[in-house]
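Here is the structure we will look at, set down as structure tokens.
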Amino acid sequence: MVWFFLTPSGTALRYRAADTIITTRHREWAKYLVGEQGLRERVAEYARQFEEMGEEKDTHTIAVPGADPGDPEASEEPRPLAQIETIDGKGYHGYLLSVSDPKKIRLVVPNKAGRGEKVSSMVERTGAVAGVNAGGFADPNWNGNGFQPIGLVISQGRVFYRDLPMDKSTQIVGIDKDGKMVAGRYSINELLDMGISEAVSFSPRIIVNGKGLIKNHSQGWGIAPRSVMGQKEDGTILFLIIDGRQPGYSIGADLYDAQQIMLDHGAVIAANLDGGSSTVLVGEGGEIVNRPSTKGGRYLPTAFLVFDNPESVSVPNIWEGLTAKDIDPAKW
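Following my numbering, the numbering of the sequence shown begins with 2 at its first residue and continues without gaps.
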């Protein structure tokens, strides 16, 4: 106990354990490791850091193979649209979904008012090639219906949902009409002027302009299941899915782990998506590829899905005419 509370190494481990608890539904338990004041300060400090990490202007550009008829790669054998590889590290197991054409990705939402939808159901219902969970949502007492998003939802260039003014900035993750990933702090008006196509609210952005923003594990926000989206210079979108909270199989990863995996795979921009028990990777036919900490996956408001022919996909706005005041996130 003396080592745990009074030595630098013990304190570092204690705070990492507290950060891990903070990512769960039992956030208040972290006070037994760092005290109530320490818990409040820790959460506030992460919020401040995440805001700062979204400020730097992103200048990355992409070159989608085959877009230019003079591109030597245009005559080569086309790459598969979606490929999945396994990812392993100290204490964690996961998957990396690579999507060669970013314009084949759509943000899909539930098809029934009043409740979210599992990503496996979205993929099966729409005939998608693959899908991952996307943005966060209101979840009172961790028993919410998954229907009320937090922040904004933009699909096919249209604002489906917002709980903030059009000119107020927020942290977002998405893709513009040209297939370029967009992440960081923007207002809805700015996003629409930029030609945003698909987007949700979430943070933090962990890579910008080819450099990682998280310095070490102590800033990694604890160990948990993770979902991260990134993009390479050739336009390839990367979705990293790390399982967690399952001792003997995978306990999870921190955001520094996720950042380094994305950098190792060539990401020049990357951002955190909703993780924890929402983390899920689904393959064709609605088959769940990973091992979610919530068996079968959760009911969610949004998912990034990959399609062979996205132009043929219809995504109706299930929140049309609704605001946050019109939705009871606890009622099924």
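Backbone N, C-alpha and C define an ideal beta-carbon position, used for all residues, glycine too.
Distance check for M167 and S188, CA to CA, integer angstroms please.
Here residue 188 refers to the residue found at position 187 when the sequence shown is read from its first residue. Here residue 167 refers to the residue found at position 166 when the sequence shown is read from its first residue. Near 6 Å, if we compare the C-alpha coordinates of M167 and S188.
If you draw a straight line from the alpha carbon of L264 to that of Y257, how long is it in whole angstroms?
Here residue 264 refers to the residue found at position 263 of the sequence shown. Here residue 257 refers to the residue found at position 256 of the sequence shown. Between L264 and Y257, the C-alpha separation is close to 10 Å.
Give me the Cα-Cα distance between W143 and M182, rounded to the nearest whole angstrom.
Along the sequence shown, read from residue 1 onward, the residue named residue 143 stands at position 142. Along the sequence shown, read from residue 1 onward, the residue named residue 182 stands at position 181. Cα-Cα distance, rounded: 30 Å.
Look at A31 and A19 and say whether their C-beta atoms are less than 8 Å apart.
Translated into positions along the sequence shown, residue 31 becomes position 30. Translated into positions along the sequence shown, residue 19 becomes position 18. Cβ atoms of A31 and A19: closer than 8 Å.
Taking Y16 as part of the beta strand (DSSP E), name the residues at either end of that continuous run.
Counted from its first residue, the sequence shown places residue 16 at position 15. Unbroken run through Y16 is the alpha helix (DSSP H), P9 to I23; no beta strand (DSSP E).
Whose CA, out of V201, I106 and E191, lies closest to the CA of Q149?
Within the sequence shown, residue 149 is the residue found at index 148, counting from 1. Cα-wise, what sits closest to Q149 is V201.
State the DSSP-derived secondary structure class of R41, mapped to helix, strand or coil.
As a working note, residue 41 is residue 40 in the sequence shown. Residue state, collapsed to three classes: helix.
Per DSSP, M182 forms a beta bridge with which residues?
In the sequence shown, the residue the question calls residue 182 occupies position 181. Its beta-bridge partners are I176.
Can you tell me where the alpha helix (DSSP H) holding S156 begins and where it ends?
Taking the sequence shown and counting its residues from 1, one reaches residue 156 at position 155. Unbroken run through S156 is the beta strand (DSSP E), L153 to S156; no alpha helix (DSSP H).
Just mark M123 as buried or exposed, buried being the case when its beta carbon has 16 or more other beta carbons within 10 Å.
Position 122 of the sequence shown, counting from 1, holds the residue named residue 123. The residue in question, M123, is buried, as its Cβ has 16 or more Cβ neighbours within 10 Å.
Pull up the DSSP beta-bridge partners for A64, would you.
Here the question's residue 64 lines up with position 63 in the sequence shown. A64 is not bridged to any residue.
I need the straight-line Cα distance from D110 to F305, nearest angstrom please.
As a working mapping, residue 110 is identified with position 109 in the sequence shown. As a working mapping, residue 305 is identified with position 304 in the sequence shown. Note that residue 110 corresponds to Val in the displayed sequence, not to Asp. Distance between the alpha carbons of V110 and F305 is about 9 Å.
What's the call for N146, buried or exposed, on a 16-neighbour Cβ count within 10 Å?
Indexing the sequence shown from 1 puts residue 146 at position 145. With 16 or more other Cβ atoms within 10 Å, it is buried.
Reducing DSSP to helix, strand and coil, say where S121 ends up.
As a first step, residue 121 must be located in the sequence shown, where it is residue number 120. S121 falls in the helix class under three-state DSSP.
Inspect the CB distances between the region 191-198 and the region 317-328 and report whether three or more fall short of 8 Å.
Touching, no.
For P302 and G117, I'd like the C-alpha separation in whole angstroms.
Taking the sequence shown and counting its residues from 1, one reaches residue 302 at position 301. Taking the sequence shown and counting its residues from 1, one reaches residue 117 at position 116. Cα to Cα, the separation comes out at about 5 Å.
Where do the N-terminal and C-terminal ends of the alpha helix (DSSP H) with N273 fall, by residue?
Against the sequence shown, residue 273 aligns to sequence position 272. Careful: N273 lies outside any alpha helix (DSSP H), inside the beta strand (DSSP E) at A268 to L274.
Just list the residues that DSSP pairs E86 with in beta bridges.
As a working note, residue 86 is residue 85 in the sequence shown. Answer is L97.
Quick check on DSSP: helix, strand or coil for F6?
Here residue 6 refers to the residue found at position 5 when the sequence shown is read from its first residue. Three-state DSSP puts F6 in a helix.
Tell me which same chain residues have a C-beta within less than 6 Å of the C-beta of V35, skipping the five on either side of it?
Counting from 1 along the sequence shown, the entry for residue 35 is found at position 34. Answer for V35: A19, listed in chain order.
Within 10 angstroms of its Cβ, does G132 collect 16 or more other Cβ (buried), or is it exposed?
Your numbering for residue 132 matches position 131 in the sequence shown. Buried, because 16 or more other Cβ atoms sit within 10 Å of the Cβ of G132.
Are the CB atoms of G185 and R159 within a distance shorter than 8 Å?
One-based indexing of the sequence shown puts residue 159 at position 158. One-based indexing of the sequence shown puts residue 185 at position 184. Not a contact, by the Cβ cut-off of 8 Å.
Within the continuous alpha helix (DSSP H) that includes A259, where are the two ends?
As a working mapping, residue 259 is identified with position 258 in the sequence shown. A259 -> alpha helix (DSSP H) spans L256 to D265.
Are I243 and P226 closer than 8 Å when you measure CB to CB?
Taking the sequence shown and counting its residues from 1, one reaches residue 243 at position 242. Taking the sequence shown and counting its residues from 1, one reaches residue 226 at position 225. Yes, the pair counts as a contact, with Cβ atoms nearer than the cut-off.
Suppose contacts are defined by Cβ-Cβ distances below 8 Å. Is I270 in contact with H61 by that definition?
The sequence position of residue 270 within the sequence shown is 269, counting from 1. The sequence position of residue 61 within the sequence shown is 60, counting from 1. Yes, the Cβ-Cβ distance between I270 and H61 is below 8 Å.
Any idea what DSSP makes of A48, helix, strand or coil?
Reading the sequence shown from its first residue, position 47 is the one you call residue 48. A48: helix per DSSP, three-state reduction.
To which residues does DSSP link I243 through a beta bridge?
In the sequence shown, the residue the question calls residue 243 occupies position 242. According to DSSP, which records beta bridges pairwise, I243 is partnered with G95 and R227.
Between A254 and the rest of its own chain, which residues show a CB-CB distance below 6 Å, the 5 nearest in sequence each way excluded?
Counting from one through the sequence shown, the residue named residue 254 turns up at place 253. For A254, where only same-chain residues beyond five positions count, the Cβ hits under 6 Å are Y93, R227 and I243.
Residues bridged to A150 by DSSP?
Taking the sequence shown and counting its residues from 1, one reaches residue 150 at position 149. Sequence inspection shows Pro at residue 150; the Ala mentioned does not correspond to that position. Its beta-bridge partners are F138.
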